[in-house]
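Just so it is clear: in the first sequence, position 237 is 236 by numbering that gives the first Met the number 0, and no numbers are missing.
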Amino acid sequence: MKNISINIIGASTGSYPAGITPLEISESVKEIPKNVVICKVDDVLTDLNEPLDKDATIQFLDAKSKDGHSVLLHSTAHLMAQAVKRLFPKTKVTIGPYLDNKFYYDFDVETPFSEEDLSSIEKEMHKISKENLEIIHEVKSRKDAISLFKKMKESYKVEIINDLEKSEVLKVYSQGEFTDLCRGPHVPSTGTIKHFKLLSSSAAYWRGDENNQTLQRVYGTSFPSEKDLKKYLTMLEEQKKRDHRKIGKELDLYFHDEEVGPGLPLWTPNGAVIIDELEALAKEKEDASGYKRVRTPHLTKGALYEKSGHLEHYTTSMYPAMDVDGLDYYIKPMNCPHHHKIYANRPKSYRDLPYRLSEYGTCYRYEKSGELFGLMRVRSMQMNDAHIYCTEDQFKEEFIGVCKLYMEYFKIFGIEKYEMRLGLHDPKGLGKKYINNPKLWKKTEEDVRNALKDAGLKFVESVGDAAFYGPKIDVQVWSAIGKEFSLATNQVDFAVPERFNLTYTDGDGSSKTPLCIHRAPLGTHERFIGFLIEHFGGDFPLWLAPKQVSILPVSDKYNAYADQVCSELKKQGVRAEVDNRSEKIGAKIRDAELQKINIMLIVGEKEVDGKVVTVRRRFVKEQETLSLDKFSNGIRKEINERSVTN
RNA sequence: GCCUGCGUAGCUCAGUAGGUAGAGCACUUCCUUGGUAAGGAAGAGGUCACCGGUUCAAUCCCGGUCGUAGGCUCCA
0 MKNISINIIG
10 ASTGSYPAGI
20 TPLEISESVK
30 EIPKNVVICK
40 VDDVLTDLNE
50 PLDKDATIQF
60 LDAKSKDGHS
70 VLLHSTAHLM
80 AQAVKRLFPK
90 TKVTIGPYLD
100 NKFYYDFDVE
110 TPFSEEDLSS
120 IEKEMHKISK
130 ENLEIIHEVK
140 SRKDAISLFK
150 KMKESYKVEI
160 INDLEKSEVL
170 KVYSQGEFTD
180 LCRGPHVPST
190 GTIKHFKLLS
200 SSAAYWRGDE
210 NNQTLQRVYG
220 TSFPSEKDLK
230 KYLTMLEEQK
240 KRDHRKIGKE
250 LDLYFHDEEV
260 GPGLPLWTPN
270 GAVIIDELEA
280 LAKEKEDASG
290 YKRVRTPHLT
300 KGALYEKSGH
310 LEHYTTSMYP
320 AMDVDGLDYY
330 IKPMNCPHHH
340 KIYANRPKSY
350 RDLPYRLSEY
360 GTCYRYEKSG
370 ELFGLMRVRS
380 MQMNDAHIYC
390 TEDQFKEEFI
400 GVCKLYMEYF
410 KIFGIEKYEM
420 RLGLHDPKGL
430 GKKYINNPKL
440 WKKTEEDVRN
450 ALKDAGLKFV
460 ESVGDAAFYG
470 PKIDVQVWSA
480 IGKEFSLATN
490 QVDFAVPERF
500 NLTYTDGDGS
510 SKTPLCIHRA
520 PLGTHERFIG
530 FLIEHFGGDF
540 PLWLAPKQVS
550 ILPVSDKYNA
560 YADQVCSELK
570 KQGVRAEVDN
580 RSEKIGAKIR
590 DAELQKINIM
600 LIVGEKEVDG
610 KVVTVRRRFV
620 KEQETLSLDK
630 FSNGIRKEIN
640 ERSVTN
């Protein structure tokens with residue numbers, strides 16, 4: 000028998016008989032850990048039991064590696080499908096991919112899974128894991144594969160095969176009695192999969208299309224060790240604790256009312272404080288960057304949205320027209336057309352550019368009822384909106400200027416992880432989803448890409464995620480505990496300035512069309528504050544906190560002094576209040592803690608006598624007794640600096 | 001919009017195998033004046049989401065509506 004030379008990464012090169020499997024090699028070589036789940040043969044992920052027939056470089060991976068974990072998740076999805084088929088034999092399987100730290104499998108079942116079903120499926124999975132079935136695959140011809148899955152009555156698999164490219168190699172994986180069409184690769188046996196948990200079940204459409212059959216999707220997760228699994232589940236718990244809907248209610252920041260309507264949040268005084276602080280920040284930054292503030296109405300005649308293209312490309316997200324004096328009026332979904340109008344109101348010279356208009360404009364979008372989600376997805380929103388009109392020469396600098404503004408904001412909010420996602424158009428959607436001007440699309444996309452590259456900003460590209468009028472940058476950010484949010488956006492509009500006949504007179508007297516950049520670094524108040532609540536877990540930094548200082552008199556003998564302290568602080572713009580209830584100091588402290596008030600000032604006999612305050616800060620063990628002046632100067636400074644620590 | 005849960009006091013939740021409801025916290029009043037995470041007592045608070053049906057009787061069963069939760073984005 001022929002020998003082949005195998006170079007093992009992390010171990011030595013060896014000679015092996017052709018036909019040996021990576022699994023056999025891993026068992027014979029000491030340096031290879033016993034917990035490998037998959038390998039890369041010449042950089043291609045490959046099953047451990049796939050025989051090797053030629054010289055190769057091979058890398059063994061355990062489930063802690065990124066690829067290894069993905070394979071483990073994918074194999075767990077199959078394990079789950081096998082359990083489902085055992086318990087519910089009439090089930091038809093569809094697809095079961097892995098995601099980040101999760102997997103799912105979609106099933107066509109007669110009755111949706113209940114909680115109890117999930118736990119019995121999980122139980123069965125553990126049983127199959129103990130059976131330690133070998134996971135093997137074979138390559139099938141298209142004809143054989145179709146007849147196999149037809150015989151198994153797995154019609155979705157047949158459909159999948161029929162839709163695959165002719166060149167695709169069809170693999171059929173088996174573990175015990177369970178057989179599935181799958182590209183693989185997989186872990187070598189079901190015994191490899193031990194530490195998993197089913198998370199939830201819900202509905203999903205076949206191929207994500209609402210016209211198709213409703214399937215039951217079961218989500219689950221799987222890890223190489225019980226410890227890793229626990230850690231992940233704890234993280235999910237932590238995310239739940241920080242849910243902005245929960246904390247928003249606890250801290251009385253906003254609410255929804257049935258009589259007002261879904262997706263139409265009402266901001267309470269506490270929440271409105273945060274809004275005011277964000278607007279003050281935006282105004283400060285925008286003033287410094289040469290923006291001019293404008294105000295525009297919420298209602299507009301339909302003709303404007305015909306011109307802008309909204310009626311053609313965006314109607315499904317707009318509230319239907321209302322009849323006013325026999326004309327169609329719409330409530331605005333975006334501020335751009337109004338800003339364009341302001342630009343066009345007076346003739347512009349190249350000297351006026353870049354012309355930057357900003358507005359915390361209130362917009363209304365008709366989001367499908369099932370898509371509404373706390374503050375994250377709403378129907379009424381206030382955007383940190385602005386439009387920059389500039390020449391082609393100015394474009395790069397302006398665009399990068401906006402990106403740099405993002406960074407400034409991220410620093411202020413302590414956002415450490417973020418990613419820019421460049422949304423490009425999909426040529427298939429030209430004329431439908433996107434304005435039909437292929438040349439301009441190409442050019443603008445290239446300009447944006449170059450601007451980002453020249454500025455040294457990292458980004459990923461995503462085809463099909465452009466706005467209807469141009470490419471855009473969406474900024475993903477991660478909260479302090481690693482939950483991902485899509486907050487800000489920065490978009491190029493190459494089409495609309497022309498539609499609005501926006502021009503400027505250039506130095507040579509000719510009339511030219513400016514480019515327009517839409518930007519909203521702080522997104523909407525709704526989503527941004529939703530993010531901030533989860534990012535800070537409700538423990539807002541002092542400058543953002545709805546309640547900054549609570550003054551707690553030890554008994555009501557000291558209420559007058561407390562009032563005096565309070566009004567002094569209020570004079571200095573500090574959000575202070577006195578807890579003058581007839582309660583013990585311990586109870587007052589407890590309540591202030593629960594309300595996550597940043598600073599408590601304890602005042603009793605000692606403080607009244609010395610004209611001082613005793614400062615008790617959240618998260619700070621040591622207390623300080625200070626003169627009121629010293630205290631207020633200190634926190635005034637902290638507030639002005641917008642310090643992120645609290 | 002679609003699928004499946006869920007909807008009881010301001011909040012968190014019990015409860016009723018069909019006979020119109022209960023706790024804790026919060027609130028009001030009184031007592032207490034207490035130095036670092038809950039002092040005590042009393043009181044008030046509900047068309048059991050809404051509309052309809054079955055029934056002698058519905059918060060409970062049935063249907064509809066509204067709201068809400070998990071999804072419907074990652075595609076063998």
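Note that beta-carbon positions come from the ideal geometry of N, C-alpha and C, so glycine has one too.
Note that the structure is a prediction, hence the values are computed from the model and not measured.
Could you pull the start and end residues of the beta strand (DSSP E) that K416 belongs to?
K416 to L423
Under 8 Å Cβ to Cβ from V447, same chain only, skipping five residues before and after it: list those, please.
F398, L421, P470, I472 and V491
Using the Cβ count rule (16 or more neighbours within 10 Å means buried), how would you classify R241?
buried
Candidates R616, G609 and I411: which alpha carbon is nearest E640's?
With distances taken between CA atoms, E640 lies nearest to I411 out of R616, G609 and I411.
Output needed for L310: all residues of its chain with C-beta closer than 6 Å, excluding positions within five of it in sequence on either side, in chain order.
Y304
If distances are taken between C-alpha atoms only, which option among K53, Y468, I528 and K457 comes closest to G13?
K53
Which first and last residues belong to the alpha helix (DSSP H) in which H338 is found?
C335 to N344
Looking at C-alpha atoms only, which residue of L198, D507 and D227 is the closest neighbour of V217?
L198
Comparing alpha-carbon positions, which option in R617, A466 and E623 lies nearest V611?
E623
Given this structure, state the Cα-to-Cα distance separating H255 from I135, to the nearest angstrom.
53 Å
Just list the residues that DSSP pairs K39 with in beta bridges.
Listed as beta-bridge partners of K39 by DSSP are L44 and Q58.
Would you be able to state if there are at least three C-beta pairs under 8 Å between the segment 548 to 562 and the segment 528 to 537?
no
What three-state label does DSSP hand Y313 in the structure shown?
coil
Where DSSP assigns a beta bridge to A656, which residues make up the other side?
Given that the chain is displayed from residue 0 to residue 645, the structure contains no residue 656 and the question cannot be resolved.
Could you tell me whether any non-hydrogen atom of the ligand MN is closer than 7 Å to the CB of R206?
In the structure on display, the ligand MN does not appear, and there are no ligands present to speak of.
Only counting the same chain, and skipping five residues up and downstream in sequence, which positions put a Cβ closer than 8 Å to that of I31?
I7, G9, A10, I24, S25 and F59
Along the chain, which unbroken stretches of the alpha helix (DSSP H) at least 4 residues long are found entirely within the segment 211 to 281?
225 to 240 and 243 to 249
Can you say whether R141 is buried or exposed, counting buried as having 16 or more other CB atoms within 10 angstroms of its CB?
exposed
Does DSSP put E49 in a helix, in a strand, or in coil?
coil
Using the rule of at least 16 other Cβ atoms within 10 Å of the residue's Cβ for burial, across every protein chain shown, is A385 buried or exposed?
buried
Let me check one thing: in DSSP terms, what residues is F484 bridge-paired to?
V476
Three-state secondary structure (DSSP) at V186?
Secondary structure at V186: coil, using DSSP grouped into helix, strand and coil.
Can you name the start and end residues of the alpha helix (DSSP H) that V401 belongs to?
E391 to I411
Would you say S188 and E133 are within 8 Å of each other, going by their C-beta atoms?
yes
Tell me whether H534 sits in a helix, a strand or coil according to DSSP, three-state version.
helix
Taking Cβ to Cβ, would you say L593 is nearer than 8 Å to H339?
no
For a test of the three-state rule: what should DSSP assign to Q81, helix, strand or coil?
helix
Kindly indicate the opening and closing residues of the beta strand (DSSP E) around F493.
Here F493 belongs to no beta strand (DSSP E), and DSSP marks it neither H nor E.
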